[in-house]
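Chains as they are written, first to last, in numbering that gives the first Met the number 0: chain Y, 0 to 270; chain H, 0 to 351. Glycine residues also receive a C-beta, built at the ideal position from the N, C-alpha and C atoms. Fair warning: this is a prediction, and the values are worked out from it, not measured in the lab.
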Amino acid sequence: MTKKSFAFPYLFWMIAFTVIPLLLIAVYGFTDRSSGAFTLSNFLAISTKEHWSALLLSLKLSLISTAVCLLLAYPLAMILKKTGTSRTGFIVFLFILPMWMNFLLRTYAWLNLLDDGGILDRFFGLLGIDYRSPIGTTSAIVLGMVYNYLPFMVLPLFNVLSKIDENVVNAARDLGANSVQTFFRIILPLSFPGIVSGITMVFVPALTTFAISDILGARKVLLIGNIIEQEFSTASNWNLGSGLSMVLMIFILISMAILNHYDKNGEGNAF
Amino acid sequence: MKKTILTASALIGLAALSLTGCSSSDKFPNGVVKVYNWGEYLDEDLIAEFESEYGIDVIYDTFTTNEEMYPKIEADPSLYDVICPSDYMIEKMIQNGLLSPLNYDNIPNISNIGESYLEKAEDFDPDNTYCVPYTYGTVGILYNTTMVEEEITSWDVLWDEKYSQDIIMQDSVRDAFMVALKRLGYSANTTVESEVAEAAALLKEQYPLVKAYVIDEVRDKMINNAAALGVIYSGEYMICTEENEDLAYVIPEEGSNVWIDGWVVTSGAKNKENAEKWINFLCTKEAALANFEYIGYATPNMAAREDIDEELLNDPGIFPSDDILDRCEFFLYLGEDADNMYYEYWKQVKQQ
Chain Y
0 MTKKSFAFPY LFWMIAFTVI PLLLIAVYGF TDRSSGAFTL SNFLAISTKE HWSALLLSLK
60 LSLISTAVCL LLAYPLAMIL KKTGTSRTGF IVFLFILPMW MNFLLRTYAW LNLLDDGGIL
120 DRFFGLLGID YRSPIGTTSA IVLGMVYNYL PFMVLPLFNV LSKIDENVVN AARDLGANSV
180 QTFFRIILPL SFPGIVSGIT MVFVPALTTF AISDILGARK VLLIGNIIEQ EFSTASNWNL
240 GSGLSMVLMI FILISMAILN HYDKNGEGNA F
Chain H
0 MKKTILTASA LIGLAALSLT GCSSSDKFPN GVVKVYNWGE YLDEDLIAEF ESEYGIDVIY
60 DTFTTNEEMY PKIEADPSLY DVICPSDYMI EKMIQNGLLS PLNYDNIPNI SNIGESYLEK
120 AEDFDPDNTY CVPYTYGTVG ILYNTTMVEE EITSWDVLWD EKYSQDIIMQ DSVRDAFMVA
180 LKRLGYSANT TVESEVAEAA ALLKEQYPLV KAYVIDEVRD KMINNAAALG VIYSGEYMIC
240 TEENEDLAYV IPEEGSNVWI DGWVVTSGAK NKENAEKWIN FLCTKEAALA NFEYIGYATP
300 NMAAREDIDE ELLNDPGIFP SDDILDRCEF FLYLGEDADN MYYEYWKQVK QQ
């Protein structure tokens, strides 16, 4: 048994479940649906008005939810850094706890909370307040994205912040920096890898989601993920779906490239 | 020492294998049948009944839409033996050589299926070569009588601003376009681009009024009083009224879609005879009755109907009468180009 043979299962795993599926997508993406001949039309289809505006809407919503996640998660990670270790573990545990449940169920729970005839509707009804359900709007989708992906922002931020040496912070204080200066000159730059990692981990799944927009968007809002999903499930056009998902992959590759640029040591990785 | 453990465990493994091998062939001497059906479209107790009665192991999988099922069978027609698609999809599968003609010698219970339904099925399956009807029904409007006071006769109500954000549409291309095309007085099977474009414009006009486009959730939303009007398959209506008495169902005057779902055998079926036994089993009076009670979709099985309540039989929402059916049309398979055209227009409807 050489050390190399230990790598075999992983190699098999990667080939069977990453390389081959990607090749299949490429084959479908580059071929014509009816003739099977080589074509670029499945890629160029992104330029049609419907696909392009769905892609722009996806970019917009995922950027908004990434920003909201960052604004919510950074103060929390700072607080976690300051509290005692035993309590920190508990709070992080509370954050991860919902992830033990399937994310579709949690998203359906939001639907039941927010929908007409749902819990919020009945609650406001009792108070005599007219309630307008946000279901079917882009704000409901942003809410779903923030809710589902917030832990992916908290964990890398917490990870990187807790690794900052207290002595560095104390040194800054000794040299006369006030707390604002310490934050902007010391803590923020040192936590940058965590920020970049968190952004990528929220932005990528938010950009590709179709389940959240299906459930909370009442299928009224078409994101690029929905278009791709429907090409596979209802339009039976795997070629177009593959072409569009490869276009989407280009956007993901760009964000990965940004991550690698800023986070060379992989310090910000959450797991 | 290590070797002995290895040999021992290998032996145990082999013994276990041969044991399970024995018991499964004992229990199922007649092999397997691979069934591919809609979700929640069979009283699943029937599977065990079929297995013990015929000694055939049933491998049962489900799909959500015809369109999801089709590419799988197209890629490998031997993946399943017996499938239950809808009319237009059966037509498409026949045209593309994915089905195998039925041997009616193995399906004597076909005599239970009403003659008129077999005749109707010839619209998409000439001479009933490939398909045995399983359920049929219409598409109509389910509405909440506490929220809608007027009597509904037309699809127009789905464009009434009074019901803004209280309307639920089907998130399926053909169903959604059928509603608009029928309202415009066109055929639901039109391939004339100007007519499809006109219907798309009408659906776009409707978009701000629609609360949600749904596939299966229409049932829950209507039962929970979350909407006033919903476009729905007739089979769902019976279940909905059992849960919420305020719901009523109407098939608009302009006409609608009538559909038949039927069992077919794939061209690549490895267990064709078992597949036909499965179809024959579902054509028995008892199985059809159990299924009717479980899924609530109208059955073309005349023997089973003898035991169904008169009241249900006379409910046009469940068993539409012939004059209603005459107003309705089947979806036909329109070909890939026309399908694409519908789908492209459908994507435009949902642009904000």
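* Asked: Mind pulling the chain Y residues with CB within less than 9 angstroms of H:M36?
  -> On the second sequence, position 37 is the one that residue 36 of chain H refers to. Contrary to the premise, residue 36 of chain H reads as Asn rather than Met in this sequence. Near H:N36 there are no residues of chain Y at all, since even the closest Cβ is about 17 angstroms away, more than 9 angstroms.
* Under three-state DSSP, which class holds H:Y248? -> Here the question's residue 248 of chain H lines up with position 249 in the second sequence. Here H:Y248 carries a strand assignment [DSSP, helix/strand/coil].
* Proximity of H:N270 and H:G30 at Cβ, strictly below 7 angstroms -> For this step, residue 270 of chain H is matched to residue 271 along the second sequence. For this step, residue 30 of chain H is matched to residue 31 along the second sequence. In this structure, H:G30 lies closer than 7 angstroms to H:N270 by Cβ.
* Asked: If you measure beta-carbon to beta-carbon, which residues of the stretch 59-70 of chain H are closer than 7 angstroms to chain Y?
  -> Listed in sequence order: T64, E66, E67, Y69 and P70.
* First through last residue of the alpha helix (DSSP H) which encompasses H:D44 -> The sequence position of residue 44 of chain H within the second sequence is 45, counting from 1. Where H:D44 is concerned, the enclosing alpha helix (DSSP H) stretches over D44 to Y53.
* Asked: Can you tell me whether Y:Y9 is buried or exposed, with buried defined as 16 or more other CB within 10 angstroms of its CB?
  -> Position 10 of the first sequence, counted from the start, is the residue given in the question as residue 9 of chain Y. It is exposed - the Cβ of Y:Y9 has fewer than 16 other Cβ atoms within 10 Å.
* Let me know if H:D338 comes out buried or exposed under the rule of 16 or more other beta-carbons within 10 Å of its beta-carbon. => As a first step, residue 338 of chain H is located in the second sequence; it is residue number 339 there, counting from the start. The residue in question, H:D338, is buried, as its Cβ has 16 or more Cβ neighbours within 10 Å.
* chain H contacts made by the stretch 231-242 of chain Y, where a contact means CB separation under 7 angstroms -> Cβ contacts with chain H: S232, T233, A234, S235 and W237.
* Y:F37 - DSSP class collapsed to helix/strand/coil -> Here residue 37 of chain Y refers to the residue found at position 38 of the first sequence. Of the three classes helix, strand and coil, the one that applies to Y:F37 here is strand, per DSSP.
* Quick one: any contact between the stretch 151-168 of chain H and the stretch 121-129 of chain H, if contact means 3 or more CB pairs under 8 angstroms? -> Verdict: no, contact absent.
* Short check: CB of Y:Y107 to CB of Y:W237, under 7 angstroms? -> On the first sequence, position 108 is the one that residue 107 of chain Y refers to. On the first sequence, position 238 is the one that residue 237 of chain Y refers to. No, they are not a contact pair.
* To do: Go through its chain and collect everything with a Cβ distance to H:S22's Cβ below 8 angstroms, but skip five positions before and after it.
  => Here residue 22 of chain H refers to the residue found at position 23 of the second sequence. The predicted model places H:S22 with a pLDDT of 48, which falls under 50 and marks its position as unreliable; any figure quoted below should be read in that light. Non-local C-beta neighbours of H:S22 in its own chain, meaning closer than 8 angstroms and more than five positions away in sequence, are absent.
* From Y:A234, Y:I186, Y:V168 and Y:I19, residue whose alpha carbon lies closest to that of H:T64 -> Taking the first residue of the second sequence as position 1, residue 64 of chain H is located at position 65. Among Y:A234, Y:I186, Y:V168 and Y:I19, the Cα nearest to that of H:T64 belongs to Y:A234.
* Does the stretch 319-335 of chain H touch the stretch 248-264 of chain H, meaning 3 or more C-beta pairs lie closer than 8 angstroms? -> Result yes; three or more Cβ-Cβ pairs closer than 8 angstroms.
* Say whether chain H places a C-beta atom closer than 7 angstroms to the C-beta of Y:E228. => For the purposes of this step, residue 228 of chain Y is taken as the residue at position 229 of the first sequence. Chain H, which has no Cβ nearer than 7 angstroms to the Cβ of Y:E228, makes this no.
* Nearest-angstrom Cα distance between H:G20 and H:D56? -> Indexing the second sequence from 1 puts residue 20 of chain H at position 21. Indexing the second sequence from 1 puts residue 56 of chain H at position 57. Bear in mind that a pLDDT of 45 at H:G20, under 50, signals an unreliable position, so the model cannot answer this.
* Asked: From Y:F157 to Y:S57, what distance separates their C-alpha atoms?
  -> Taking the first residue of the first sequence as position 1, residue 157 of chain Y is located at position 158. Taking the first residue of the first sequence as position 1, residue 57 of chain Y is located at position 58. Approximately 27 angstroms, taken between the alpha carbons.
* To do: Could you pull out every unbroken beta strand (DSSP E) segment of at least 3 residues lying fully inside the stretch 167-243 of chain H, listed in chain order?
  => Taking 3 residues as the shortest admissible run, the stretch 167-243 of chain H contains the following complete beta strand (DSSP E) segments, listed from N- to C-terminal end: 209-213 and 228-232.
* **Where the alpha helix (DSSP H) containing Y:P150 begins and where it ends** => Within the first sequence, residue 150 of chain Y is the residue found at index 151, counting from 1. For Y:P150, the enclosing alpha helix (DSSP H) has its first and last residue at T137 to S161.
* **Touch test, the stretch 303-318 of chain H against the stretch 227-242 of chain H, Cβ-Cβ under 8 angstroms, three pairs minimum** => The answer is yes - the stretch 227-242 of chain H touches the stretch 303-318 of chain H, with three or more Cβ pairs under 8 angstroms.
* **Separation of Y:I78 from Y:V91, as counted between CA atoms** => For the purposes of this step, residue 91 of chain Y is taken as the residue at position 92 of the first sequence. For the purposes of this step, residue 78 of chain Y is taken as the residue at position 79 of the first sequence. Taking the straight line from one Cα to the other gives about 11 angstroms.
* Any C-beta of chain H under 7 angstroms from that of Y:R218 -> Counting from one through the first sequence, the residue named residue 218 of chain Y turns up at place 219. For Y:R218, the answer is yes, since a Cβ of chain H falls inside 7 angstroms of its Cβ.
* Hey, could you find the ends of the beta strand (DSSP E) H:N65 is sitting in? => As a first step, residue 65 of chain H must be located in the second sequence, where it is residue number 66. From DSSP, H:N65 is part of no beta strand (DSSP E) but of the alpha helix (DSSP H) over N65 to A74.
* Could you work out which residue in Y:S138, Y:L160 and Y:T30 is closest to Y:S61 when comparing CA atoms only? => Locating residue 61 of chain Y in the first sequence gives position 62, where the first residue counts as 1. When each option's Cα is compared against that of Y:S61, the closest is Y:S138.
* Could you tell me which residues DSSP pairs with H:W262 in its beta bridges? => Within the second sequence, numbered from 1, the residue matching residue 262 of chain H stands at position 263. DSSP lists H:V131 as the bridge partner or partners of H:W262.
* To do: Output the distance between the C-alpha atoms of Y:S212 and Y:K219, rounded to the nearest integer angstrom.
  => For this step, residue 212 of chain Y is matched to residue 213 along the first sequence. For this step, residue 219 of chain Y is matched to residue 220 along the first sequence. Y:S212 and Y:K219 have their alpha carbons spaced roughly 8 angstroms apart.
* Give me the Cα-Cα distance between Y:V201 and Y:F151, rounded to the nearest whole angstrom. => The sequence position of residue 201 of chain Y within the first sequence is 202, counting from 1. The sequence position of residue 151 of chain Y within the first sequence is 152, counting from 1. Their Cα atoms are separated by approximately 6 angstroms.
* Amino acids of chain H, ordered along the chain, whose beta-carbon sits closer than 7 angstroms to that of Y:S40 -> Your numbering for residue 40 of chain Y matches position 41 in the first sequence. Within chain H, no residue has its beta carbon less than 7 angstroms from that of Y:S40; the closest one is some 12 angstroms off.
* List, in order along the chain, the chain H residues whose C-beta lies closer than 9 angstroms to that of Y:E49? -> As a first step, residue 49 of chain Y is located in the first sequence; it is residue number 50 there, counting from the start. The contacting residues are E343, K346, Q347, K349 and Q350.
* If I'm right that H:A179 touches H:A198 with Cβ under 8 angstroms, what's the distance once you round it to whole angstroms? => Along the second sequence, read from residue 1 onward, the residue named residue 179 of chain H stands at position 180. Along the second sequence, read from residue 1 onward, the residue named residue 198 of chain H stands at position 199. Between the beta-carbon of H:A179 and that of H:A198 there is about 4 angstroms, and that keeps the pair under the 8 angstroms contact cut.
* To do: Between the Cα of Y:L160 and those of Y:G175, Y:A176, Y:G197 and Y:P133, spot the shortest distance and give me the residue it belongs to.
  => Counting from one through the first sequence, the residue named residue 160 of chain Y turns up at place 161. Checked all of Y:G175, Y:A176, Y:G197 and Y:P133; the closest Cα to Y:L160 is Y:G197.
* How would you label H:S171, buried or exposed, when you count the other beta carbons within 10 angstroms and need 16 or more for buried? -> Position 172 of the second sequence, counted from the first residue, corresponds to residue 171 of chain H. The residue is buried, with at least 16 neighbouring Cβ atoms inside 10 Å.
* **Span of the beta strand (DSSP E) around Y:W330** => No answer is possible for residue 330 of chain Y: it lies beyond the span of chain Y, which begins at 0 and ends at 270.
* **6 angstroms CB neighbourhood of H:M237 in its chain, flanking five on each side removed** => Residue mapping note: residue 237 of chain H aligns to position 238 of the second sequence, counting from 1. The answer, listed in chain order, is G295 and I317.
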